[in-house]
Amino acid sequence: MKFVDTLKNRRMIEVFLVVVSISIICVILFPALIKIFNYSLKSSAEDNTDSALHFTKQLYATLSIYDDVPLPFRVEFKEDGYTIYSNNIEYKPTTPLTVESKRKLPKTGIVEIDINGMVTAKEIKFKLGNYVCSQFDGSKPLCVKQQNSL
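This is how it looks when you write it as structure tokens:
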């Protein structure tokens with residue numbers, strides 16, 4: 195019986211050490227995994243912001259082919275789509291639009307082409323992540339993580 199008790203104790207000690215080892219590995223890896231996850235969300239938001247700028251430029255170029263579209267030209271993104279403004283007046287295209295984005299369009303935000311042709315993105319938000327992005331023509335998007343409000 196003494197031998198069986200020793201075997202049980204040894205087995206319990208082995209299981210305990212395995213659990214402790216796995217716990218230590220998780221504690222060490224968890225912050226690194228969170229950092230990688232947040233970096234990928236931010237990188238995705240930056241890429242999508244850049245894509246929203248290109249979408250607006252393409253939309254303006256397409257509309258300019260069919261109609262005289264004065265600057266400033268603004269696209270306000272909403273959850274259910276977007277609204278186009280030209281010269282600060284809501285613009286209704288006379289022809290159907292075939293402009294598509296390679297990436298996801300923003301949930302909310304504004305992209306504007308000013309009278310000098312400079313493109314600016316303001317308060318761009320996407321469904322994934324809590325990043326709010328802004329970008330000026332030719333620069334890298336600036337994305338800041340927004341704190342959850344209760």
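Residues in the sequence shown are numbered from 195 upward in steps of one, following the numbering used here. Glycine is no exception: its CB is placed at the ideal position from the N, C-alpha and C atoms. Being a predicted model, the structure only gives us computed values, none of them experimental.
For tyrosine 276, the uninterrupted beta strand (DSSP E) run begins and ends at 275-280, by DSSP. In terms of Cα proximity to isoleucine 318, the closest of Leu223, Asp244, Thr288 is Asp244. For tyrosine 325, the uninterrupted beta strand (DSSP E) run begins and ends at 325-330, by DSSP. Taking one beta carbon from each stretch, the region 324-340 and the region 273-284 have fewer than 3 pairs nearer than 8 Å; the two do not touch. Taking the Cα of lysine 272 as reference, the smallest distance to any Cα among Val293, Pro300, Arg204, Leu247 is reached at Pro300. Residue state for lysine 202 is assigned as helix, using DSSP reduced to three classes. Going by DSSP, glutamate 270 is part of the beta strand (DSSP E) stretching over 267-272. Classified as buried, valine 263 has 16 or more neighbouring CB atoms from the shown chains inside 10 Å of its CB. Per DSSP, the unbroken beta strand (DSSP E) holding glutamate 306 starts and ends at 302-307. Cβ neighbours of phenylalanine 320 within its own chain (closer than 7 Å, five residues either side excluded): Ala239, Asn242, Lys298, Pro300, Lys301. By alpha-carbon distance to lysine 334, the top candidate from Glu270, Leu247, Ser234, Ile219 is Leu247.
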